[in-house]
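Going down the list, the sequences are from chains U and C.
Residues in the first sequence are numbered consecutively from 83, following the numbering used here.
Residues in the second sequence are numbered consecutively from 202, following the numbering used here.
Working notes, beginning with the structure itself.
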Amino acid sequence: MSTIHVPTLAQMTAEGKAPEVLFWVGCAGSFDDRAKKITKAFAKILQHVGVSFAVLGTEEGCTGDPAKRAGNEFLFQMQAMMNIQVLNGYEVKHIVTTCPHCFNTLKNECPELGGNYTVEHHSQFLNGLLKAGRLKIEGGQFRGKKITFHDPCYLGRANGEYEAPRELLEKLDVELREMRRCKQNGLCCGAGGAQMFKEAEKGTAEINHVRADEALETQAEIVVAGCPFCNTMLTDGVKNREKEAEVQVLDLAEMIALAEEL
Amino acid sequence: MSFLPQLVFAVVLIAAIWRFSKKAVTIARNIHLGKAQSISDNPGARRANMLRVAFGQSKMQARPVAGVLHFIVYAAFLIINIEVVEIIVDGLFGTHRFFAPYLGSVYPIIIGFFEILAVLTVIAVVIFWWRRNVAKLDRFHKPEMKGWAFTDANNILYIEVALMFALLNMNAVESLLPGGHEAFIVSSSIASLWSGLPEGTLHLLERGFWWVHIVGILAFLNYLPYSKHFHIILAFPNTYYANLKSKGQFENNTAVMKEVALMMDPNADPFAAPAPDAAAPLERFGAKDATDLSWINLMNAYTCTECGRCTSECPANLTGKKLSPRKIMMDTRDRIEEIGQNIDANNGTFQEDGNSLLGHYITPEEIWACTSCNACVQACPVDIDPLNIIMKLRNYATMEESSAPSELNAMMTNVENNGAPWPFSQMDRANWTNE
């Protein structure tokens with residue numbers, strides 16, 4: 083395991099340098115132990131490829147996505163304005179993030195409030211590197227493995243991106259097995275709309291258990307997600323069926339980092 | 202004496218059109234009880250969306266069985282209605298098959314084509330009826346589908362079969378009459394059902410079927426505004442005014458934008474006297490009642506044909522929660538109808554009735570079960586957006602009532618205090634780089 087060097091945008095600016103891209107880590111990626119692994123995997127890939135990048139570090143704050151979806155437009159806009167002030171202050175042009183919720187908010191809801199950036203989900207950014215010939219992916223340990231991909235709602239239906247993650251997976255020479263409900267018809271993991279932070283309403287089942295069952299139905303050995311919240315929900319769903327020993331839940335970035343033995 | 206049928210026809214026709222127009226105007230009035238929302242962007246893309254989704258029924262085909270059957274009924278409706286032009290001309294001027302001499306040998310081909318469509322419609326409608334009443338597809342039997350919703354759905358199917366039955370038999374009986382037009386491709390094979398009847402009876406039957414067909418169509422027209430079947434009209438404007446942006450882009454509340462801009466402005470004087478226009482009533486954040494929604498939301502509600510594709514894709518509904526996006530739309534429509542009737546009963550002004558959309562029709566339990574996943578929006582064949590209404594109701598619940606679930610309040614407090622939904626210090630954000 084190589085070490086990672088992650089400069090903050092403040093440090094780079096002080097040195098008179100500007101990064102190629104700002105890595106927006108997000109709250110889950112900064113604080114959640116499971117999501118931090120995704121963050122590190124992605125940072126390692128960036129470093130390995132030689133992409134000059136920086137993070138905001140302590141200057142980053144929640145995009146306000148969960149507040150907005152919980153109905154608190156006021157708090158959302160306060161968060162958005164604070165972040166936009168920071169981003170515009172550094173003249174940020176290009177942002178990449180491993181969280182589809184941050185991605186959606188920064189890409190779609192900030193321009194009207196004065197924040198105009200090129201925003202990419204890490205699957206899109208990595209796919210761009212791949213197409214530009216900067217990132218080379220070989221199947222490595224995943225060659226021939228049965229995997230399935232769960233479309234995050236805020237990447238898929240919300241922003242119409244279904245192919246970038248699949249094209250990356252293809253490069254890993256895996257056997258992609260689609261779930262019954264995928265792409266436009268993909269079933270939510272149950273975390274969106276601020277559900278991550280509350281108990282579900284009374285019902286007959288948990289959404290993440292149903293979704294994990296659909297993933298298990300494909301006989302996949304690895305369930306791939308592209309969102310730290312989906313990751314948590316599906317991991318819990320796999321555990322619900324006591325399959326955690328046989329079936330892994332991994333992020334796209336982790337798959338690539340592992341395949342490249344980073 | 203010979204003018205009597207023409208006179209009766211003219212009266213029936215005018216009365217039907219007048220009554221329908223009156224009700225349509227009321228619905229338009231009700232829709233505009235919603236907040237103004239100007240949509241004038243991208244007319245080309247909007248027309249293309251309307252052509253694709255409403256005229257071309259592209260989203261219906263996501264479920265091929267219902268999609269193909271519905272396309273048959275829809276195409277038959279559009280095409281057979283060309284014949285209604287002839288029926289109206291005949292009815293008003295006392296002619297009989299006015300277009301036949303002009304079209305010559307093409308006429309039997311055209312009417313024969315209509316007859317084939319009529320048979321296909323009957324087949325499709327029978328399958329629809331079977332799916333709803335015998336196979337009992339789950340989405341047709343959710344709690345909100347009890348009562349009128351269920352009756353209405355079957356009424357439409359019965360009316361459609363009756364209309365097609367009248368059309369085919371009218372042609373069949375006529376072919377048996379001396380001087381009548383010869384039968385067409387389908388009616389020729391059912392004419393034998395009526396053969397052997399006295400000429401007078403056949404004549405009465407022919408006229409009877411003619412009247413049943415046209416009066417049936419006019420009655421159906423007047424049934425539309427009370428029915429989910431109104432979608433055949435509103436599907437077009439509804440898809441024209443549909444959201445063309447990314448589904449993940451939720452609108453930013455403009456009233457809040459002003460407040461936030463003021464708060465972020467270091468030069469703003471917190472003790473300044475209110476601006477002169479502050480006398481205007483304070484706008485409510487979000488929606489409590491149907492009139493707090495936009496006219497687009499209300500048009501969505503009147504467009505809903507209660508097919509339930511949204512509900513059958515909803516992750517909350519799939520896991521037994523009370524939320525059903527279809528019910529959100531039906532409740533919105535029922536409430537704005539109630540408000541409209543209240544206004545009509547009280548000489549044009551709304552008398553407070555103590556009801557509201559959130560609370561009396563839609564419960565907090567329903568709106569808080571939503572994951573904002575957009576599956577309902579994706580599934581709707583006519584581009585209805587139930588999620589937009591749910592979010593406006595949440596805006597009201599959170600910003601005006603402070604009634605969000607307590608865990609969400611805790612989450613929001615964290616965001617406010619330390620910039621993350623969990624109680625971690627913002628100063629620790631970059632700790633992962635050293636772990």
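Cβ coordinates follow ideal geometry from the N, Cα and C atoms, glycine included.
Here ILE218/C is exposed. Its C-beta has fewer than 16 other C-beta atoms within 10 Å.
With respect to LEU250/U, ILE219/U sits close: the two C-beta atoms are nearer than 8 Å. The way I'd put it, the stretch 199-212 of chain U doesn't touch the stretch 403-420 of chain C; fewer than three beta-carbon pairs between them come closer than 8 Å. Check the Cα spacing between PRO379/C and each of THR402/C, ALA363/C and LEU364/C: the tightest is with THR402/C. Here the stretch 422-429 of chain C makes no contact with the stretch 123-131 of chain U; the two share fewer than three CB pairs at distances below 8 Å.
The alpha helix (DSSP H) runs lying completely inside the stretch 289-336 of chain U and spanning 4 residues or more are 289-299 and 310-322, given in chain order.
Less than 8 Å separates the beta-carbon of CYS144/U from that of GLN161/U. At least one C-beta of chain C is nearer than 8 Å to the C-beta of GLY272/U. Proximity of GLN627/C to chain U, defined by a Cβ-Cβ separation below 8 Å, is satisfied. Among the residues of chain U, those whose CB is under 7 Å from the CB of GLN450/C are ASN190 and GLU191, following chain order. The Cβ-Cβ distance between VAL461/C and MET163/U falls below 8 Å.
Its Cα nearest to that of PHE329/C, the residue ASN356/C stands out among ASN356/C, LEU304/C and PRO344/C.
With its beta carbon at least 8 Å from every one in chain C, PRO247/U lies outside the interface. For ASN241/U, the closest Cβ of chain C is nearer than 8 Å.
The stretch 222-238 of chain U and the stretch 296-312 of chain U touch, with no fewer than 3 CB-CB distances between them shorter than 8 Å. Taking 8 Å as the upper bound for CB-CB distance, HIS176/U and TYR236/U are not in contact here, some 20 Å apart.
At a cut-off of 8 Å between beta-carbon atoms, MET163/U makes contact with chain C. Counting C-beta pairs closer than 8 Å gives fewer than three between the stretch 318-327 of chain C and the stretch 394-401 of chain C, which falls short of the contact rule. Three or more Cβ pairs closer than 8 Å define a contact, and the stretch 241-251 of chain C falls short of that threshold against the stretch 369-378 of chain C.
Below 8 Å, enough C-beta pairs join the stretch 147-160 of chain U and the stretch 273-280 of chain U to call them touching: three or more. Where GLU202/U is concerned, the enclosing beta strand (DSSP E) starts and stops at 200-203. If you draw a straight line from the Cα of SER495/C to the Cα of ASN453/C, it is about 14 Å long. The Cβ neighbour count for MET346/C, taken over all protein chains shown within 10 Å, is at least 16; the residue is labelled buried. Three or more pairs of CB atoms, one per stretch, sit closer than 8 Å, so the stretch 99-116 of chain U contacts the stretch 617-633 of chain C. Of all residues in the stretch 90-107 of chain U, only THR90 and VAL107 come within less than 9 Å of chain C when Cβ atoms are compared, listed by chain position. When Cβ-Cβ separations below 8 Å define contact, TYR199/U makes no contact with chain C. CA-to-CA, the gap between LEU205/C and VAL212/C works out to about 11 Å. Of all residues in the stretch 614-625 of chain C, only VAL616, GLU617, GLY620, ALA621, PRO622, TRP623 and PHE625 come within less than 8 Å of chain U when Cβ atoms are compared, listed by chain position.
Residue pairing of SER495/C in beta bridges, as defined by DSSP: LYS236/C.
DSSP lists no bridge partner for GLU252/U.
For VAL274/C, the enclosing alpha helix (DSSP H) begins and ends at 265-294. One thing to note: ASN231/C has its Cβ no nearer than 8 Å to the Cβ of ILE433/C. With respect to the 8 Å criterion, LEU594/C and SER573/C are not classified as neighbours on the basis of their beta carbons.
The beta carbon of LEU358/C is closer than 7 Å to those of VAL326, PHE329 and TRP330 in its chain, skipping five residues each way along the sequence. When rounded, the separation of the alpha-carbon atoms in HIS297/C and VAL266/C is 39 Å. Within chain U, no C-beta atom comes less than 9 Å from the C-beta of GLN258/C; the nearest is roughly 17 Å away.
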